[in-house]
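Written out below as structure tokens is the structure these notes cover.
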Amino acid sequence: LCGSAEKNCMNMVSVKDSSLSDTITMTSSRPGTVLVGSKEYSSNVGPNIKIVNSKTYVSLFIGKYVEIHWTGALSMWIVVHKEMFNKTSGICGNFNMDASDDKMGSDNLPKETMSKLAKSWIVNQDECTSSEEQTIGD
1 LCGSAEKNCM
11 NMVSVKDSSL
21 SDTITMTSSR
31 PGTVLVGSKE
41 YSSNVGPNIK
51 IVNSKTYVSL
61 FIGKYVEIHW
71 TGALSMWIVV
81 HKEMFNKTSG
91 ICGNFNMDAS
101 DDKMGSDNLP
111 KETMSKLAKS
121 WIVNQDECTS
131 SEEQTIGD
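Using UniProt numbering, the first residue of the sequence shown is number 1, and each one after it goes up by one.
And the structure:
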């Protein structure tokens, strides 16, 4: 997430899967495709990673356990199968049914604002800055 009080943008979503050595990246500058390392894909990355492009969003399916649907802007939803219970981490929490630790940053420390939480999960910190801070509610 980048921007200021006037404008915010989500221009990239990165996913790390243990079956690949490189990060899977969805970017708004390349709609309908994903990057794995420097290689671009628009359909299947391999037998367990599939890309589906519709008119309104791109979907990334990782095996039968994780789905990420993104409009290329601020709308994204993630579906995680129960088999992934307690095996995930990210800006949306860690899927362990304990909401008290869902505000943990990538450094495994709690964050008191939404901005600090989002910034902790940014892959390339130098490319994104924001001056807006919002306190995280309980």
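Even glycine gets a Cβ: it sits at the ideal position worked out from N, Cα and C. No experiment lies behind these values; they were computed from the predicted model shown.
Nearest CA to the CA of residue i: which residue from the options?
i: K64; options: T71, L74, I78; result: I78
i: S54; options: H69, Y41, I62; result: H69
i: T88; options: T71, D107, V66, L109; result: V66
i: L20; options: I91, K39, S106; result: K39
i: S75; options: S120, S59, M104, E112; result: S59
i: N108; options: R30, M97, G90, M114; result: G90
i: S29; options: G72, T23, Y41; result: G72
i: V45; options: K116, D17, Y57; result: D17
i: P31; options: T56, V15, G37; result: T56
i: I122; options: S106, P110, T113; result: S106
i: G93; options: L117, T113, T23; result: L117
Tell me whether the beta-carbon of residue i lies closer than 8 Å to the beta-carbon of residue j.
i: V80; j: F61; result: no
i: I51; j: S43; result: yes
i: T33; j: M12; result: no
i: S100; j: K111; result: no
DSSP state of residue i, grouped into three classes?
i: K119; result: helix
i: E6; result: Low confidence applies to E6: its pLDDT is 46, below 50, so where it sits in the model is not reliable, and the reading given next is rough at best. The answer is coil: DSSP assigns E6 none of H, G, I, E or B.
i: K50; result: strand
i: N11; result: coil
i: S18; result: coil
i: E112; result: coil
In terms of DSSP beta bridges, what is residue i paired with?
i: I62; result: I49, V66
i: T27; result: M12
i: T88; result: T88 pairs with nothing; no bridge assigned.
i: Y41; result: V34
i: M97; result: The partner list for M97 (beta bridge, DSSP) is empty, contrary to what the question assumes.
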